[in-house]
Structures are given as C-alpha cells and as structure tokens.
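So in the working numbering, spot 51 of the sequence shown is number 31, and the numbers just go up one at a time.
Positions of the beta carbon are idealized from the N, C-alpha and C atoms, including for glycine.
Keep in mind it's a predicted model, so treat the numbers as computed, not measured.
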Amino acid sequence: MKLDFLGAAGTVTGSKTLVTHEGKQLLVDCGLFQGYKNLRAMNWEPFPFDPTKLDAVVLTHAHLDHAGALPLLVKRGFRGPVFATPSTIDVCRVLLPDSARIQEEDAEYANRHKLSKHQPALPLYSEEDAQRALRRLEPLPLEQPGDVTGGMQLRLRQAGHILGASSVELTTGDTTVLFSGDLGRPDDRIMRAPLPIARADHVVIESTYGDRLHDMQDVEAALGEVIRRTAARGGIVVVPAFAVGRAQALLYAIYRLKTRAAIPDLPVFLNSPMAIDMTEIYHRHRAEHRLSVEECSGMCQVAEMTRTVEESRALNALRYPAVIVSASGMATGGRVLHHLKALGPDRRNTIVFAGYQAGGTRGAHLVAGERRIRIHGEDVTINAEVVSLPGMSAHADAEQLVQWLATAPQRPRGIYLNHGEPGPADALRQRIERELGWLATVPWLGQSVEVA
C-alpha cells in the first residue's frame, strides 16, 4: 500500500492523503488550502493525481480544510462515491453550498468594486458544483465496516472534535492504517471523547497542537469577562467563528453565562446562515454529543439568527452593546470581514478569536499584534481590543495526542504526523519518540511512503 501526502503536510490545511493499493486509489479527505497566499494559490493548481481515475473518497469530517475541495474534485471529473458518517453528510449539505456562495459573493464584490487583479474575478467553484458533489456522498455509520474498492475495507470511529468527525481505519489484507483525522478533546463540553485505538499497524495522526498544552484557564469565565468589560464601555463583541463546531460552542458558553446572570442580558446575533443551519443539525444528532435537550435548545435559542444580507449589514450600524458571532473563524472570508471592517476601527469594541489561527490568516496577524489588515483590497486600522481564547480549540493538545496513541493495543510499525505546521509537528515527533519509544516521521508535501 502506498500513501501520498498531498495536503496538510507542513501545514494545517488542505488535507489530502492518496492511498494506492493494487491499482485502486482512495483519497482520505479533500480539503482546501487556507492561510498564506502561496498555500491558497495551490487550490487553483491541478490536483497531483487524475480525478477521473480516483475510485473513492472518504471524509474524516466536514471542516473546509478537510472537505472544502470536494466540489472542485467533482468539477474536475471525479465520479466515484464519497464515504462519510451520516452526520458529516448533514453538515456537508450545509457547509459546501455555503462555501460556494461565499466564494461567488466575494468574486461578485471584487468585480463590482474592481478589487481583483483578475478580470473577471472567479470563484474556485460554484454552488452548482457543490450540489453535484453532495450527490456523491454515501453514508457509512460509525463502527460499520464498508467495502470500498480493490480489497480496501473502511471503518469509521468516533473522533470527537465536531459533529460527525471520525478516524478512518483502512484495512487491506493483514495491514491496517489508521487516519486520526482531527482528534477532539476528552474534556470537551459538547463533543464526546475520541475512542481508543482498536487496531493500527500504521497511524497517520494530526499534530495541530503538537508543541503545546491547552491553557487551563476557564474559557467560559474569560469570555464572560470580555463581554462584561466591552459592554461597560458601550462596545460590541465581534467573534469570528467556524460555523461548524466553534459557533455552537460559543453559543453554548453564552447561554450558560446568561443563565447564571454572569453577563448582561444583551442581544446576541448569529450572523452565518451556515452556522444557523448547523445549530439545528445538533438537535437532530443529540446522541453524538453531550448536551441535553434543554441545553441544546438553550444553545439554539440564545441568539437572534441573521440570515439575509440586509440583516447582516444592519448589524454594522448597531450603537448599543451586543455580541456578533460570524464566520469565518480565522477571518479568511465571509460576513465577518464586513464586521471587522466596520467595527474594528472603534476602540470601544472587542474582537475575540476563539481557538487556533493558522499562519497567514487575518486572525493570526491580529492575534500576533498587527493592527492594520487588508480587507477587500483596503487597509483597515484595527483599534478595537483583540482577545485570543486559544483554550476554546476543539483539537486535542500534545499530551492528549500522545495519550490517544498510547491506547494502541500493540506498537504500530509506523507513525506519520500530518496536519501541523513544521514546529508543532516536529515537537510532537520528538515527544512520541521520547515518551512512547516509537519512531515517528513528519512527511513533506508530496512525499510517498510504502506501508505493509
């Protein structure tokens, strides 16, 4: 069996691993590259394989860095099945068309205001491409074996992280390769913990937080303090948030803060059609998370849902304390950019980044202390307070990743670290070798590895 690391190698985005066995090809994840411009430019390059010869795809979960290039794959000729958990499919039905709409809206905005070097600016893919991709999705429930192609057998296992997230157990003959996907935290307040490893001769594991431990601060209390002090100066709290997972965690935290009167009863707006639909999906899949019916309802009802463009624009004219939660989580696109542009220059306001910010994103620049960012072709000065709450990440930290590996019933023959920037990935490699005594490798982008 051969593994080609074609994304999320040396970076945390663009997850794609091509598995080849006896002439058959399976792609594990099909994510968009995000962050630095040179990475984003890779989305426009031809795939390093022929999409028409690809037999199948399996998704670990629905975040754009793992599933966001699926419409592009279909646009370029892929016609096979895409396996995923039923709840991941539900999330993709919301996420992929919304991703396409954002790209189409951004291209239209750039053309209308003549902001692009390209004439005309074009979206990477259209909503029609996204709908065609959705028709390729085939449900594979957790723990249910599924035959893919050419003697490959899949089993999806609970990974935590977000709704529907799974690790992929791929078996060919006597060899099993386990792809962790993005692993959640065992102490997550919403998602259940990742399952221990059942079988793995080789493990491909994420390393996003490979060089650090989560801050032990009470993130909910910290968020409450930010909201209180911003409201006291008459300001608005703007929270860029991933529509899948992070937005729901924020709404749940705000619901809990309001329930015990830890923050003023100020208005909360969820300005992301995708996040609005996602909150409803959490209701339908309550068995997969820890929330009770009452808690799930509270999370869904704590915010006023902002769907239309007109409603979104009206939020920029608010002159009273409020909280606006809006995508995208790293401020790479979407409606939150308009809020940063309109509300960021006002010193009374606060911008809260909840969780990891990939290098090269506007979120990473602001968290690092930069106060001039480029939005829609214009330089915007950010005078608002900027707060980072890294403890809100849905990723396992270095210690939790090593603890998960240690659940393997026997020593794997190979450990491969992907989905991490060079520093964190190498730090985790060293920790695995030091604490477990296992040889680990950090593949480079484009590297091929034979496993048996």
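Between which two residues does the beta strand (DSSP E) carrying residue i extend?
{"i": "S147", "result": "146 to 152"}
{"i": "N251", "result": "248 to 251"}
{"i": "A64", "result": "62 to 64"}
{"i": "D181", "result": "It is not in any beta strand (DSSP E) - D181 carries neither H nor E in the DSSP assignment."}
{"i": "E360", "result": "Strictly speaking, residue 360 in this sequence is Val, with Glu absent from that position. First-last of the beta strand (DSSP E) with V360: 358 to 361."}
{"i": "V431", "result": "Run containing V431: none; DSSP gives neither H nor E here."}
For the candidate residues the options, whose alpha-carbon lies nearest to that of residue i?
{"i": "A348", "options": "H356, G357, I355, F333", "result": "F333"}
{"i": "M372", "options": "I256, A227, R213, A90", "result": "A227"}
{"i": "T286", "options": "H269, P253, P423, V429", "result": "P253"}
{"i": "V382", "options": "E401, L346, L419", "result": "L419"}
{"i": "Q133", "options": "I177, E268, S428, K4", "result": "K4"}
{"i": "W369", "options": "L44, G153, H98, L203", "result": "Looking at the sequence provided, one finds Leu at residue 369 rather than Trp. Nearest of L44, G153, H98, L203 to L369, Cα basis: L203."}
{"i": "D168", "options": "P66, R192, G131, Y232", "result": "Y232"}
{"i": "S67", "options": "R56, L52, P119", "result": "P119"}
{"i": "R48", "options": "G357, I207, N23", "result": "What sits at residue 48 in the sequence shown is Gly, not Arg. When only C-alpha atoms are compared, the closest one is N23."}
{"i": "D198", "options": "V273, K94, V206", "result": "V206"}
{"i": "L52", "options": "A80, R73, L295", "result": "A80"}
{"i": "V367", "options": "F13, T210, I177", "result": "T210"}
{"i": "L246", "options": "R266, E268, G214", "result": "G214"}
{"i": "L150", "options": "L163, T129, I170", "result": "T129"}
{"i": "G11", "options": "G309, M258, V37, R73", "result": "V37"}
{"i": "E365", "options": "H194, L75, I216", "result": "I216"}
{"i": "R208", "options": "I234, M196, R315, L193", "result": "I234"}
{"i": "F27", "options": "G15, Q99, V54, P103", "result": "V54"}
{"i": "N363", "options": "D195, Y89, A374, E350", "result": "E350"}
{"i": "D109", "options": "D(-16), L76, W424", "result": "L76"}
{"i": "L425", "options": "H399, A311, E2", "result": "H399"}
{"i": "L136", "options": "I177, Y105, M279, A344", "result": "I177"}
{"i": "A87", "options": "K(-18), V71, A386, S106", "result": "S106"}
{"i": "P174", "options": "D162, G140, T152, A145", "result": "G140"}
{"i": "T(-3)", "options": "R59, L39, N91, G15", "result": "L39"}
{"i": "V422", "options": "A432, L408, Y262", "result": "L408"}
{"i": "M171", "options": "V148, L143, D191, R299", "result": "L143"}
{"i": "T455", "options": "E25, M(-19), H318, V218", "result": "Coverage of the chain is limited to positions -19 through 432, which leaves residue 455 absent and any answer about it impossible."}
{"i": "E85", "options": "I69, R73, P103", "result": "P103"}
By the DSSP assignment, the alpha helix (DSSP H) with residue i in it spans what residues?
{"i": "A227", "result": "226 to 239"}
{"i": "V289", "result": "289 to 295"}
{"i": "I207", "result": "199 to 212"}
{"i": "S342", "result": "Looking at the sequence itself, residue 342 is Arg, so the reference to Ser does not match. Start and end: 342 to 347."}
{"i": "V(-8)", "result": "First-last for V(-8): undefined, no H or E at that position."}
{"i": "R20", "result": "17 to 20"}
{"i": "A47", "result": "44 to 47"}
{"i": "L104", "result": "Unbroken run through L104: none, as it is neither H nor E."}
{"i": "F52", "result": "For the record, residue 52 in the displayed sequence is Leu; it is not Phe. Element bounds for L52: 50 to 55."}
With which residues is residue i paired in a DSSP beta bridge?
{"i": "Q133", "result": "D127, T151"}
{"i": "L7", "result": "L(-2), V37"}
{"i": "M171", "result": "H269"}
{"i": "A117", "result": "Reading the sequence as shown, one finds Leu at residue 117 and not Ala. V62."}
{"i": "A420", "result": "I395"}
{"i": "S368", "result": "F333"}
{"i": "L29", "result": "According to the sequence as given, residue 29 is Phe; it is not Leu. DSSP lists no partner for F29."}
{"i": "F222", "result": "DSSP output for F222 lists no bridge partner at all."}
{"i": "F(-15)", "result": "T(-3)"}
{"i": "Q138", "result": "S146"}
{"i": "F159", "result": "V148, V184"}
{"i": "R352", "result": "T361"}
{"i": "M285", "result": "L250"}
{"i": "V217", "result": "V303, T330"}
Does the count of Cβ pairs from the region 106 to 121 and the region 367 to 384 closer than 8 Å reach three?
Output reads no: the region 367 to 384 does not touch the region 106 to 121.
Can you give, in chain order, each stretch of the beta strand (DSSP E) that sits fully within the region 289 to 334 and has at least 3 residues?
Secondary structure remark: continuous beta strand (DSSP E) runs of at least 3 residues inside the region 289 to 334, in chain order: 302 to 306, 330 to 334.
Spell out a yes or no on whether the region 273 to 293 and the region 323 to 341 are touching, meaning 3 or more CB-CB pairs, one atom from each, closer than 8 Å.
Because the criterion of three Cβ pairs below 8 Å is not met, the region 273 to 293 and the region 323 to 341 do not touch.
Report the start-end ranges of each alpha helix (DSSP H) in the region 372 to 405 that is 4 residues or longer and not cut off at the edges.
If we require 4 residues or more, the alpha helix (DSSP H) runs fully inside the region 372 to 405 come out as 378 to 385.
Does the region 338 to 355 come close enough to the region 297 to 304 to have 3 or more Cβ pairs within less than 8 Å?
Judged by pairs of C-beta atoms under 8 Å, the region 338 to 355 does not touch the region 297 to 304, as fewer than three such pairs exist.
Quick check: the region 179 to 191 against the region 143 to 163, are there 3 or more CB pairs under 8 Å?
Yes: the two stretches touch, three or more of their Cβ pairs being nearer than 8 Å.
Quick one: any contact between the region 273 to 286 and the region 234 to 250, if contact means 3 or more CB pairs under 8 Å?
Counting Cβ pairs under 8 Å, three or more are found: they touch.
Would the region -13 to -4 and the region 7 to 24 be scored as touching if the rule is three or more Cβ pairs under 8 Å?
Three or more beta-carbon pairs separated by less than 8 Å link the region -13 to -4 to the region 7 to 24, which places the two stretches in contact.
Is it the case that the region 37 to 53 contacts the region 236 to 247, given that we only count it when at least three CB pairs across the two stretches are under 8 Å?
In this structure the region 236 to 247 does not lie against the region 37 to 53, because fewer than three pairs of beta carbons, one per stretch, are closer than 8 Å.
Would you say the region 213 to 222 touches the region 387 to 394, given that touching needs at least three Cβ pairs under 8 Å?
Taking 8 Å as the limit for Cβ pairs, the verdict is that the region 387 to 394 does not touch the region 213 to 222.
Report yes or no: do three or more beta-carbon pairs, one from the region 27 to 34 and one from the region 61 to 75, lie closer than 8 Å?
These segments do not touch.
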